[in-house]
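Trainee: Residue numbers (my numbering): 11 to 442. Before I ask anything, here is the structure I am working with.
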């Protein structure tokens with residue numbers, strides 16, 4: 011029974027000399043005793059219980075533990091360490107409660123002194139195990155998020171931003187132009203099996219002709235556009251017109267003449283072409299073949315070649331001089347090969363840029379900007395790129411070495427001596 015307020019006030023001077031009247035009568039005197047007068051003085055401050063003995067828990071230690079957990083700067087303690095701290099705190103509280111659990115009776119032997127803990131402040135109270143584990147789990151989760159690799163999408167570079175003030179770059183229309191080129195590039199493509207319609211010529215003769223024309227093109231110092239258009243005119247003409255073997259060189263010369271008229275400012279005269287052919291054809295034959303060719307092609311010379319796409323894709327790759335030369339070297343090697351006709355011009359151009367990057371950097375390199383502007387992913391380019399690596403490795407061997415000799419000169423920075431990206435063949439070989 012708790013001592014009432016009246017009994018407490020009337021016994022202010024009572025000293026706890028004897029504890030025989032307490033319940034049980036056999037409890038030992040504890041060390042943490044307080045006089046009832048001291049206890050009753052706290053009633054002025056509004057304590058609810060008159061006979062209360064202050065018992066201090068390990069609030070300081072608990073406070074330190076809780077603050078460390080709540081501090082976002084410090085690292086969270088481990089679960090094991092938290093469990094040990096909580097266990098030791100509870101054990102210390104139990105021992106302290108056992109020492110302080112004493113009763114005090116009044117002078118009349120009535121009533122029972124009740125010992126309770128001091129009211130701890132919320133921040134001084136020990137944290138339950140469940141709460142400690144919850145706080146720790148949240149901290150662990152935060153650490154895992156911080157240490158987790160953050161994957162940021164690669165930005166697509168605006169490759170036309172630097173040419174905004176250049177009217178020749180036509181930045182307002184450039185995207186529309188290349189969308190149109192992609193749409194009509196199929197009109198300039200030929201069947202990869204058109205040679206089956208020819209009776210007197212084959213793929214090897216075509217390769218010899220184009221390899222020779224590449225040397226002629228370099229000797230006349232013509233523009234890149236002229237070479238690519240020349241090869242396109244030859245293939246489109248041979249797809250529609252049967253040609254005998256001895257007229258094949260004439261087809262090549264006339265195709266170059268037409269390409270020069272379409273692309274060049276200064277056009278080689280017919281006499282120069284006759285001299286190049288070692289006077290194998292007369293002027294009349296050249297003009298007659300020219301008439302036949304333009305009629306067969308229906309005067310359609312405006313087709314997007316691989317060169318048109320090369321310029322755009324090299325700009326997307328932010329290519330330097332070395333990368334540009336190596337990419338053109340690979341494309342010109344592809345012009346000679348008949349099997350490359352199965353790829354559209356944009357595909358060949360994108361594969362050349364990709365293969366050149368791999369050869370220079372030594373690893374696969376295809377950024378989001380290149381993929382965006384070419385509309386080809388890395389996986390789509392691997393087949394064509396592997397063929398180009400094979401051409402690169404065999405460029406200096408055999409009889410058709412015109413492209414290799416051209417790019418082994420000082421004019422082209424000895425680009426042909428660059429090591430091919432052989433690892434692309436190893437990675438794409440199904441037998442490995």
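Just so it is clear, CB atoms sit at the ideal spot from N, CA and C, and this is done for glycine as well. Just so we're clear, the structure is a prediction, and the values are computed from it rather than from any experiment.
Pop quiz: residue 342 and residue 224 are said to be a contact at Cβ under 8 Å. What is the actual Cβ separation, rounded to whole angstroms?
Mentor: So it is a contact: roughly 6 Å between Cβ atoms.
Trainee: On the DSSP letters alone, give me the boundaries of the alpha helix (DSSP H) that residue 444 sits inside.
Mentor: There is no way to answer for residue 444, as the model of the chain reaches only from 11 to 442.
Trainee: So what's residue 310 in DSSP terms, helix, strand or just coil?
Mentor: coil
Trainee: Pick helix, strand or coil for residue 377, following the three-state DSSP scheme.
Mentor: In the displayed model, residue 377 falls within coil according to three-state DSSP, outside both helix and strand.
Trainee: State the DSSP-derived secondary structure class of residue 429, mapped to helix, strand or coil.
Mentor: coil
Trainee: Please classify residue 262: is it buried, with 16 or more other beta-carbons within 10 angstroms of its beta-carbon, or exposed?
Mentor: buried
Trainee: Would residue 351 and residue 303 be called neighbours here (beta carbons separated by less than 8 Å)?
Mentor: No, the Cβ-Cβ distance between residue 351 and residue 303 is not below 8 Å.
Trainee: Between residue 217 and the rest of its own chain, which residues show a CB-CB distance below 8 Å, the 5 nearest in sequence each way excluded?
Mentor: 346, 347, 348 and 410
Trainee: Quick check on residue 382: buried or exposed, where buried means 16 or more other Cβ atoms within 10 Å of its Cβ?
Mentor: exposed
Trainee: If residue 313 sits next to residue 197, beta carbons under 8 Å apart, how far is it from one beta carbon to the other, in whole angstroms?
Mentor: 6 Å
Trainee: In whole angstroms, give me the CA-to-CA distance for residue 191 and residue 174.
Mentor: 22 Å
Trainee: Just to confirm before moving on: does the CB-CB distance between residue 336 and residue 290 stay below 8 Å?
Mentor: Not a contact, by the Cβ cut-off of 8 Å.
Trainee: Jot down the residue ranges of each uninterrupted alpha helix (DSSP H) in the region 313-400, minimum 4 residues, whole runs only, in chain order.
Mentor: Uninterrupted alpha helix (DSSP H) stretches at least 4 residues long and entirely within the region 313-400 occur at 316-326, 331-346, 355-371 and 378-384, given in chain order.
Trainee: For the 8 Å Cβ check, are there 3 or more pairs between the region 237-254 and the region 369-378?
Mentor: Fewer than three Cβ pairs drawn from the region 237-254 and the region 369-378 lie within less than 8 Å of each other, which leaves the two stretches out of contact.
Trainee: Do you know offhand how far residue 278's Cα is from residue 284's?
Mentor: 11 Å
Trainee: Taking the alpha carbon of residue 315 as the reference point, which residue from 344, 288, 301 and 298 has its own alpha carbon closest?
Mentor: 344
Trainee: If residue 326 sits next to residue 384, beta carbons under 8 Å apart, how far is it from one beta carbon to the other, in whole angstroms?
Mentor: 7 Å
Trainee: Alpha carbon to alpha carbon, how far is residue 193 from residue 412?
Mentor: If you take the alpha carbons of residue 193 and residue 412, they lie about 33 Å apart.
Trainee: Using the rule of at least 16 other Cβ atoms within 10 Å of the residue's Cβ for burial, across every protein chain shown, is residue 164 buried or exposed?
Mentor: exposed
Trainee: Would DSSP call residue 220 helix, strand or coil?
Mentor: If DSSP states are grouped into helix, strand and coil, residue 220 belongs with the helices.
Trainee: Under DSSP, the alpha helix (DSSP H) around residue 247 begins and ends at which residues?
Mentor: Unbroken alpha helix (DSSP H) run through residue 247: 234-250.
Trainee: Is the beta carbon of residue 299 less than 8 Å from the beta carbon of residue 260?
Mentor: yes
Trainee: How long is the line joining the alpha carbons of residue 264 and residue 185, rounded to whole angstroms?
Mentor: 34 Å
Trainee: CA-CA distance, residue 324 and residue 170?
Mentor: 13 Å
Trainee: So which of 295, 248, 256 and 333 has the shortest CA-CA distance to residue 306?
Mentor: 248
Trainee: Please work out which residues of its chain come closer than 7 Å, Cβ to Cβ, to residue 188, disregarding the five sequence neighbours upstream and downstream, and give them in chain order.
Mentor: 322
Trainee: Grab me the residues of residue 297's own chain with a C-beta within less than 8 Å of its C-beta, minus the 5 sequence neighbours each way, in chain order.
Mentor: 280
Trainee: Taking the C-alpha atoms as reference points, what is the distance between residue 376 and residue 301?
Mentor: 45 Å
Trainee: Using C-beta distances below 6 Å, list every residue in its chain close to residue 9, excluding the 5 sequence neighbours before and after it, in chain order.
Mentor: As displayed, the chain neither begins before 11 nor continues past 442, which places residue 9 out of reach and without an answer.
Trainee: Note down the Cα distance separating residue 510 from residue 293, rounded to an integer number of angstroms.
Mentor: Any property of residue 510 remains undetermined from this structure, which presents the chain solely from 11 to 442.
Trainee: From the DSSP output, in three-state form, read off residue 409 for me.
Mentor: Residue state, collapsed to three classes: coil.
Trainee: Note the first and the last residue of the continuous alpha helix (DSSP H) segment covering residue 255.
Mentor: Here residue 255 belongs to no alpha helix (DSSP H), and DSSP marks it neither H nor E.
Trainee: Give the straight-line distance between the Cα atoms of residue 211 and residue 328, rounded to the nearest whole angstrom.
Mentor: 42 Å
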